[in-house]
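To keep things clear, I will list the structure first and then write my remarks on it.
Residue numbers (this note's numbering): 540 to 967.
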């Protein structure tokens, strides 16, 4: 039954795209896909009618559903029948309101996924956000994963450049195979076409939260930003990628700036939430990988805080790392310790390796704490968090670390509006 659904979805996707000919912008990478999809959609939406991937609709089910414009009926046979009737109607009766642009998040889990998805949608423009150690479970090596990600280039139309993160070594090294491909790069690197000026990058403390200040240099034009929603470096990358896409579609830099300064990141991607005891929570619970965890720690160390305040890193398991699971968790523990994280709290058997890595690197055992379940970790945190402390909460989707945030946030009534996975089917 599942195979029949996929074949049918692929059939409708290809024919709907052929009939309506929207501009397809594909976003792929190991981290930052959803935030970049959000910002690119916001920028293009200032000049075009746009549909962007809903939540994590980035696989063989989600990508076609975005093209069709419907949510998953899940296990409802009647729901699927109605969905396919709507798709048929799109083909038989022209819908004048079909979007001019589709911003599609493309995720992969195993070899062959990119060929299946990219050959289905054939993007007009592709963005590769960052490639690092995530979704390694079904790949023999990091280089094999990188090759799979970059293979989206083979299915992208050549009218516009491939937009890439110049600060991702895996991407830059992998691009050696694509010497004849026009590219547009962004990042802190001095070689980036859209260069984030390192000397301009700083955080300013607000009454609650922080303001991110940075400047981007593009074709001799300097654009200065003050953003109070997109806090992390990873989220700033999403903003700059959106500048690149917007510029390629002829949108002025001034207009792009206005849009991005009002943009809001998706839930669970380094969002600031006011916590108990006047603490600041960095909610990064949507998912986790070694690269995104390192980026989150870097952000914690850059934001201003009182001298008496502590930095807490609360980690759940990082999943889908295959044979590198133990190594990657221990390496994260070492990085957290070396970066000055004050206290590490972990939940789960895999995450315990983070504590081991930190302690092996010299972190005091009084500052490391592993718990078998979230309930115990929540009680410990409630008893130990002090005024002014900064708390990062992060874990893979399967860890459901948003449950920790929910118990630590000052106003639990805001959970539905602020946290990921608060729909009824997640809360069963």
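Just so it is clear, CB atoms sit at the ideal spot from N, CA and C, and this is done for glycine as well. Quantities reported herein were computed from a predicted structural model and do not represent experimental measurements.
*In this structure, does DSSP put residue 906 in helix, strand or coil?*
Correct three-state label for residue 906: helix.
_Along the chain, where does the alpha helix (DSSP H) containing residue 792 start, and where does it finish?_
792 to 799
*Following the continuous alpha helix (DSSP H) through residue 648, name the residue where it begins and the one where it ends.*
Neither: residue 648 is in no alpha helix (DSSP H) and is coded neither H nor E.
*asked:* For the segment 722 to 742 against the segment 772 to 785, do three or more pairs of beta-carbon atoms, one drawn from each stretch, fall closer than 8 Å, so that the two count as touching?
replied: yes
*Could you spell out the range, first to last residue, of the alpha helix (DSSP H) harbouring residue 624?*
616 to 631
_Given a cut-off of 8 Å on the beta-carbon distance, is the pair residue 663 and residue 564 in contact?_
Their beta carbons are under 8 Å apart, which means residue 663 touches residue 564 by this criterion.
_Restricting to Cα atoms, I'd like to know which of 925, 665, 678 is closest to residue 788._
665
*If we count the other Cβ atoms within 10 Å of its Cβ and call it buried at 16 or more, is residue 619 buried or exposed?*
Residue environment: residue 619 is assigned as buried (16 or more neighbouring CB atoms within 10 Å of its CB, all protein chains considered).
_Alpha-carbon to alpha-carbon, residue 554 and residue 899_ = 56 Å
*Indicate the three-state DSSP secondary structure (helix, strand or coil) for residue 934 in the structure shown.*
Assigned with DSSP and collapsed to three states, residue 934 falls in coil, not helix or strand.
*asked:* Counting beta carbon pairs with one atom in the segment 944 to 952 and one in the segment 826 to 837, are three or more of them shorter than 8 Å?
replied: no
*For residue 726, which three-state DSSP category applies?*
strand
*Given 8 Å as the limit, is there contact between the segment 948 to 960 and the segment 858 to 865, that is, 3 or more CB pairs closer than that?*
no
_Rounded straight-line distance, which links the Cα of residue 769 to that of residue 775_ = Roughly 6 Å between the two C-alpha positions.
*asked:* Could you compute how far the alpha carbon of residue 650 sits from the alpha carbon of residue 690?
replied: 11 Å
*Would you say residue 802 and residue 581 are within 8 Å of each other, going by their C-beta atoms?*
yes
*Is the segment 903 to 917 in contact with the segment 808 to 823, if contact means three or more CB pairs nearer than 8 Å?*
no
*Excluding sequence positions up to five away, which residues of its chain have a Cβ less than 8 Å from the Cβ of residue 908?*
882, 883, 884, 885, 894, 916, 919
*Stretch-stretch touch, CB-based, cutoff 8 Å, three pairs: the segment 633 to 640 with the segment 678 to 685*: no
*Return yes when the Cβ of residue 848 is within less than 8 Å of the Cβ of residue 570, no when it is not.*
no
*C-alpha gap between residue 686 and residue 796, whole angstroms*: 33 Å
_residue 590 (DSSP reduced to helix, strand or coil)_ = strand
_I'd like the list of long-range same chain contacts for residue 726, defined as Cβ closer than 6 Å, with 5 residues on each side in sequence excluded._
704, 705, 706
_Three-state secondary structure (DSSP) of residue 862_ = helix
_Can you tell me whether residue 966 is buried or exposed? The criterion is at least 16 other CB atoms within 10 Å of its CB, across all chains shown._
exposed
_Only counting the same chain, and skipping five residues up and downstream in sequence, which positions put a Cβ closer than 6 Å to that of residue 938?_
Answer for residue 938: 855, 856, listed in chain order.
*CB contact flag (residue 814, residue 825, <8 Å)*: no
*Smallest Cα separation from residue 607: which of 654, 621, 961?*
Comparing Cα-Cα distances from residue 607 to each of 654, 621, 961, the minimum goes to 621.
*Taking DSSP as the reference, what is the three-state secondary structure of residue 757?*
strand
*Taking all protein chains shown into account, decide if residue 741 is buried (16 or more other Cβ within 10 angstroms of its Cβ) or exposed.*
exposed
*What three-state label does DSSP hand residue 655 in the structure shown?*
helix
*When the Cα atoms are used, what is the spatial distance from residue 777 to residue 668?*
8 Å
_Below 8 Å on the Cβ atoms is my contact criterion, and I expect residue 615 with residue 604 to pass it. Report the Cβ-Cβ distance as a whole number of Å._
Not confirmed; about 14 Å, so no contact.
*Which residues bound the beta strand (DSSP E) around residue 734?*
733 to 735
*How about residue 887 and residue 873: do their beta carbons lie closer than 8 Å?*
Against a cut-off of 8 Å, the Cβ pair of residue 873 and residue 887 comes out as no contact.
*Please name the residue, chosen from 924, 876, 675, 744, that lies closest to residue 844 on a Cα-to-Cα basis.*
744
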